Amino acid sequence: EPEVTQTPSHQVTQMGQEVILRCVPISNHLYFYWYRQILGQKVEFLVSFYNNEISEKSEIFDDQFSVERPDGSNFTLKIRSTKLEDSAMYFCASSGQGAYEQYFGPGTRLTVT
Amino acid sequence: TQLLEQSPQFLSIQEGENLTVYCNSSSVFSSLQWYRQEPGEGPVLLVTVVTGGEVKKLKRLTFQFGDARKDSSLHITAAQPGDTGLYLCAGNLYGQNFVFGPGTRLSVLP
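Structure below.
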């Protein structure tokens, strides 16, 4: 069964460094998303991406964040100048034509020290 | 203020019991999804409801979307230890903007 994959599973970085989180969505899906979940808190929407551009973004997704689909399979989230409060699980998701049903990856645990 | 509220926050029951958990909002959603999340893993989609009043069944799980598309319920019949997990509802407000509730943590004891 097709699934969303994410790498790395765990990333440790120092405050101020840049990180790139990678995702491979399900191959025939059209909509791509990033969410984050701070430990013990709810899942928070960051951004959605469709047709090679951002379609929606939350107030969390400020200039520190960017997304890219560099080729036909990968979808990346870049966090510039990481802060301690960026420590969280970051989930990628994708959905098909209807855009209602999102399939999540296993997540990347980002730890900023 | 939570846009989506879920109740109860925690629920611990014995195997074989029935339960209902709720997802409520003052906002109208174009669709609503239920997920189950295990610790350290991504949410797994259980169901999507789109039409007000819609009822969907997935084995022992019954999902209902409120008539006004502001709330939803998940009913589990004869709960099993394998049902243990965090149940999340997520609403689609507009476009591709999805809002998650804080979840109901269910524990089914053998």
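Order-wise, the sequence lines are chains A and B. 109 is the number of the first residue of the first sequence in this note's numbering; add one for each residue after it. -19 is the number of the first residue of the second sequence in this note's numbering; add one for each residue after it. Note that the Cβ used here is the ideal one computed from N, Cα and C, for glycine as well. Fair warning: this is a prediction, and the values are worked out from it, not measured in the lab.
Quick one: is A/H137 buried, meaning 16 or more other Cβ sit within 10 Å of its Cβ, or exposed? buried
DSSP puts A/T216 in a beta bridge; with which residues? A/Y198
Applying the 10 Å Cβ sphere with the 16-neighbour rule, what's the burial state of A/P110? exposed
Would you give the residue range spanned by the beta strand (DSSP E) that B/R85 belongs to? T84 to L89
For a contact meaning CB atoms closer than 9 Å, what does A/F169 contact in chain E? Protein chains in the displayed structure are A and B, and chain E is not among them.
For B/A70, list the residues DSSP reports as bridge partners. B/Q13 and B/F80
From this set, B/S87, B/P90 and B/V79, which residue's C-alpha is nearest B/C3's C-alpha? B/V79
Along chain B, which residues have their Cβ under 8 Å away from the Cβ of A/E193? The premise fails here: A/E193 is roughly 19 Å from chain B at the closest Cβ pair, so nothing lies under 8 Å.
Any C-beta of chain A within less than 8 Å: which residues of the region 19 to 32 of chain B qualify? G20, E21, G22, P23, V24, L25, T28 and V30
Inter-residue Cα distance where the pair is B/V35 and A/C200: 28 Å
Residues in the region 168 to 187 of chain A having any Cβ partner in chain B nearer than 8 Å: none
Would you verify that the beta carbon of A/F199 is, or is not, closer than 7 Å to some beta carbon of chain B? yes
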